[in-house]
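For the sequence shown, the working numbering assigns the number 3 to the initial residue and increments by one for each residue that follows. Note that beta-carbon positions come from the ideal geometry of N, C-alpha and C, so glycine has one too. Note that the coordinates shown come from a computational prediction; the quantities given were computed from them, not determined experimentally. First comes the structure, then the notes that go with it.
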Amino acid sequence: MPHHTDYCILGAGIAGLSLADALSDYDLSSVVIEKNSIGSGASGTPGGLVNPATGRRAKKTWKAEQSYESIAANLEKVQSHSDTRFYRNNGLLRPALLKKMARKMKEQYENTTWPDGWCQWKSKEEIQKIHPGVKCVDGGLWLPIGLTVDIGSYIKAYGHYLENNGINIVCGEQPYPISEDGYWLLELDEITIKADHLVFATGHTIATSPFWDWIPLELIKGQVAKFKKESSSLSFSHSISSLGYIARLDEEDTFIQGSTYEHDFTHLNPDAEGESYLRKRMRRSLPQLEKQSKLVDQWAGVRISTPNYKPILGLHPAYSNLHLFSGLGSKGLLLGKFLAEHYADHLTNGTPLYPEIDINRFT
Ligand SMILES: Cc1cc2nc3c(=O)[nH]c(=O)nc-3n(C[C@H](O)[C@H](O)[C@H](O)COP(=O)(O)OP(=O)(O)OC[C@H]3O[C@@H](n4cnc5c(N)ncnc54)[C@H](O)[C@@H]3O)c2cc1C
């Protein structure tokens, strides 16, 4: 007998797991099928930021308040069930590196309504007091609410949390979905799944999926390196968003430098060019740190961007009950949980999808 479920979700990354969780809040069952292991896609990054300020001007992100609230609550929930500490509430520094950038960032800051305590403009001296040695021209921003997350550890702990709460996650399988009599059938090694709905939460692989290859997408590869500081005098406790990001996780003497930047790439692995690119960027904002840091580990992943830089959610125009939840771009950690809750609400209560993320913008 096939195993019947309301939703079958392909992909155990931020999108797939957050959606399974949100659907269970409405008593809808789901089975998550992952072709490799939990967090083996972009969501496996060993360090990233919950950063509600984006781009060169540090503009407040789309739905910043709602998405921050969702991810902060979820990190707390998952952390309370895990012994591995995977996030820190350690604030985020955003120094301007050029005069023009400082002017534009300040203008943007003054024209934005930030929630109380989220964001403060700081002079160059104030920025350099928070982080001695950081390059800064004419000031920058300090975001005390910035969170630093070992995203890969978070997503693994999230998977365990969901499994303990009755959600089936099957790893190491990549079945081809077949639509039959109003159901989706997915044949696994030992069982067939019969699902009312099928969701692709398969990250960048939608670019080559026969169901979704018509969606305009850009694939961008990023690399993340873990460095060890060789001098304790260069200590800092916050994270930094500048020319990529520097994420300070728990270990006192290590930090992560990451950036997504490769528009034309030929392989998916980390490489020496990646390390040298990240070092070049670090040299521009923290030259002393770069000189005294040793590479410990390196990782690479691919994120996708849509023409309006917003995620894509919704139903396939031709197949019934076939859904897409992808395109989380560079803000997947910040947006994923909020969008999963929004989509589950849309599916169960008929709440309209935000037009900016609706798949209908491509049909
Ligand atoms: C270097 C880098 C740094 C980043 N830093 C940050 C950051 O600091 N802050 C932030 O908010 N975001 C950051 N992001 C973005 C964030 O990581 C992504 O937006 C997010 O992880 C995307 O999640 P996803 O679930 O859509 O995709 P993925 O995590 O890629 O998950 C898709 C999953 O689907 C699986 N899969 C694929 N095809 C199939 C199939 N046919 N059947 C079953 N399973 C399948 C894959 O194995 C994978 O596990 C970063 C991304 C990169 C690459």
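Check whether the Cβ of residue i lies closer than 7 Å to any heavy atom of ligand 1, and answer yes or no.
i: G205; result: yes
i: T210; result: no
i: L51; result: yes
i: A44; result: yes
i: T262; result: yes
i: E36; result: yes
i: Q225; result: yes
i: Y389; result: Since the first residue shown for the chain is 3 and the last is 365, residue 389 is missing from the structure and cannot be characterised.
i: T268; result: no
i: T47; result: yes
i: Y247; result: yes
i: L143; result: no
i: A1; result: It is not possible to answer for residue 1, since the shown part of the chain is limited to 3 through 365.
i: V304; result: yes
i: A17; result: yes
i: I153; result: yes
i: S332; result: yes
i: G338; result: yes
i: Q176; result: yes
i: S32; result: no
i: S328; result: yes
i: L291; result: no
i: L335; result: yes
Please state whether DSSP places residue i in a helix, a strand or coil.
i: L336; result: helix
i: Q300; result: strand
i: S42; result: coil
i: I217; result: coil
i: N170; result: strand
i: A346; result: helix
i: A66; result: helix
i: V136; result: coil
i: R281; result: helix
i: R59; result: coil
i: K102; result: helix
i: T353; result: coil
i: D183; result: coil
i: P272; result: coil
i: Q225; result: strand
i: A203; result: coil
i: R305; result: strand
i: T114; result: coil
i: E264; result: strand
i: I359; result: coil
Should residue i go down as buried or exposed, given a rule of 16 or more other Cβ atoms within 10 Å for buried?
i: R87; result: exposed
i: D23; result: buried
i: S3; result: It is Met, not Ser, that sits at residue 3 in the sequence shown. Per the 10 Å Cβ criterion, exposed.
i: I57; result: It should be noted that the sequence gives Gly, not Ile, for residue 57. Exposed, since its Cβ has fewer than 16 Cβ neighbours within 10 Å.
i: H325; result: buried
i: A274; result: exposed
i: R286; result: exposed
i: N91; result: exposed
i: N53; result: buried
i: G276; result: buried
i: I16; result: buried
i: A320; result: exposed
i: I314; result: buried
i: G366; result: No information on residue 366 is available, as it lies outside the stretch 3 to 365 that the chain covers here.
i: S332; result: buried
i: I195; result: buried
i: W214; result: buried
Beta-carbon of residue i versus every beta-carbon of chain C: anything under 8 Å?
i: T56; result: No chain C appears in this structure, which consists of one protein chain only.
Item to check | Contact between the region 143-153 and the region 39-59 (3+ Cβ pairs under 8 Å) | outcome: Judged by pairs of C-beta atoms under 8 Å, the region 143-153 touches the region 39-59, as three or more such pairs exist.
Item to check | Three or more C-beta pairs below 8 Å linking the region 162-170 and the region 127-139 | outcome: They do not touch, by the three-pair rule.
Next on the checklist: Measuring CB atoms only, is the region 258-269 touching the region 171-182, in the sense that at least three cross pairs come out at less than 8 Å?
Outcome noted: For the pair of segments examined, the region 258-269 was found not to touch the region 171-182: the number of CB pairs separated by less than 8 Å stays below three.
Checklist entry - Is there contact here, the region 96-115 with the region 68-82, by at least three beta-carbon pairs under 8 Å? => result In short, these stretches do not touch, since the Cβ pair count stays below three.
Checklist entry - If you pair each beta-carbon of the region 20-36 with each one of the region 220-231, do three or more pairs fall below 8 Å? => result Short answer: they don't touch.
Next on the checklist: Check whether the region 119-138 and the region 84-100 touch, using three or more Cβ-Cβ pairs below 8 Å as the test.
Outcome noted: At 8 Å Cβ cutoff, the stretches touch.
Item to check | Given 8 Å, three or more beta-carbon pairs between the region 301-312 and the region 234-250 | outcome: No contact exists between the region 301-312 and the region 234-250.
Checklist entry - Does the pairing of the region 230-249 with the region 287-298 give three or more beta-carbon distances under 8 Å? => result Result yes; three or more Cβ-Cβ pairs closer than 8 Å.
Item to check | Given 8 Å, three or more beta-carbon pairs between the region 347-359 and the region 33-41 | outcome: No: the two stretches stay apart, fewer than three of their Cβ pairs being nearer than 8 Å.
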